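Numbering (our numbering) for the sequence shown: 21 to 340.
The beta carbon of each residue, even a glycine, is placed where N, CA and C say it ideally should be.
These numbers were taken from a predicted model, which means no experiment stands behind them.
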Amino acid sequence: MNSYNKQALDIIAKEQGFIRDNLEKVMRLVEILNYFHDSPLLSKSLVLKGGTAINLTVFQLPRLSVDIDLDFTVDCDRESMLSIRQEVNNEILRYMESEGYHLAPGSKTPHTLDSWVFHYTNAAGNNDGIKIEINYSDRCHILPAIETHVSIPFLSDVKVRSLSPVELFATKINALIGRSAARDIYDVYNMVKHQLFVSDEEKTLLGKATVFYLTVGSSRKDNATPTEYTDFPQIDKIRFPQIRSQLLPVLRRSEHFDFEKAKTEVKDFLSKLLVLTESEKEYVREFNAKKYIPELLFEDKEMVNRIKFHPMALWKTRSR
């Protein structure tokens, strides 16, 4: 494990405008991701997603990350997945213990998710924790994973295997529409502000990928995905206390985030992005009727082949 010096961290944190303890956590995350990349087993089995992937591989860390979200990425049957899962578990737990981290008692491993919290004592002598989650039900992806060389001046260089940018933001938009966390609105707003997807082809693919994850990844209690998106009530519910407690601690002190403006621009973008074609609407209607027909959503045969046996899609459309 690297040695984290409080005085050195104070200097970097002051220069960068971040809270020192949160900056140290990101440095630790990068160190862990570096090990994952260098491991033959983990590098071929796992792919980074979520805010950490977005802010490390797409942007130059405008906000700090607080956890590691991963998908298992081996397209295999359930028995093979369970076998590899045990190997992955063993290696990660062994590595984290060797680096001085302690597994929290509250960590859980339900059917398709490993969710661990690893405690450590930071450079200031305070207790802190890093959360690592691995999802095993989203192991089929629309696009191939990509490898990015991340080089940020105050962090160690690291190579990261992540979801493609389109898929990163499709899953992030799904999370935003479903739960609307403060960090979700910030990440999607940066996508809009920086115009990451400008061509008609890119926007079309982003829209289709978002519709896909709105069906297979939805947490809606009625289990029915809409075909019309004219308002976004969960986004409207975001209030400044959420921004203050969940987002501001991971931003630079000098950044002024106008969250009301962000909400307006993101909702406008999504209302245009999610104007579904008749074929896309038919895909959603069939999915809601327990029929999974990805060919209605994607014309590209390679994309269809990658996701036609998607475990969550098959589970959600199973006969009961």
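A direct Cα-Cα distance of roughly 16 angstroms separates L163 from I74.
Between Q262 and A309, the CB-CB gap reaches or exceeds 7 angstroms.
The three-state secondary structure of R326, taken from DSSP, is helix.
In this structure, DSSP gives S135 an extended state, which the three-state scheme calls strand.
An exposed status is given to C96, since fewer than 16 other beta-carbon atoms sit within 10 Å of its beta-carbon. Distances from the alpha-carbon of H161 to those of F138, V186 and V78 put V186 closest. Distance from the CA atom of V295 to the CA atom of T224, rounded to whole angstroms, is 10 angstroms. Here the C-alpha atom of K311 lies approximately 21 angstroms from the C-alpha atom of N194. A straight line joining the alpha-carbon of I172 with that of V178 spans about 9 angstroms.
Residue S157 holds the alpha-carbon nearest to the alpha-carbon of A333 among V218, S157, R305 and V270.
Our two residues, R114 and I104, have alpha carbons roughly 15 angstroms apart in a direct line. When the beta-carbon positions are compared, V270 and L84 come within less than 7 angstroms of each other. Under the DSSP definition of a beta bridge, G149 partners with H139. The beta carbon of L234 sits closer than 6 angstroms to the beta carbons of N194 and T245 from its chain, once the five residues preceding and following it are set aside; these are given in chain order. For S200, the three-state secondary structure derived from DSSP is coil.
Spatial neighbours of L293 in its own chain (CB-CB distance under 6 angstroms, excluding positions within 5 residues in sequence) are listed in chain order as G227.
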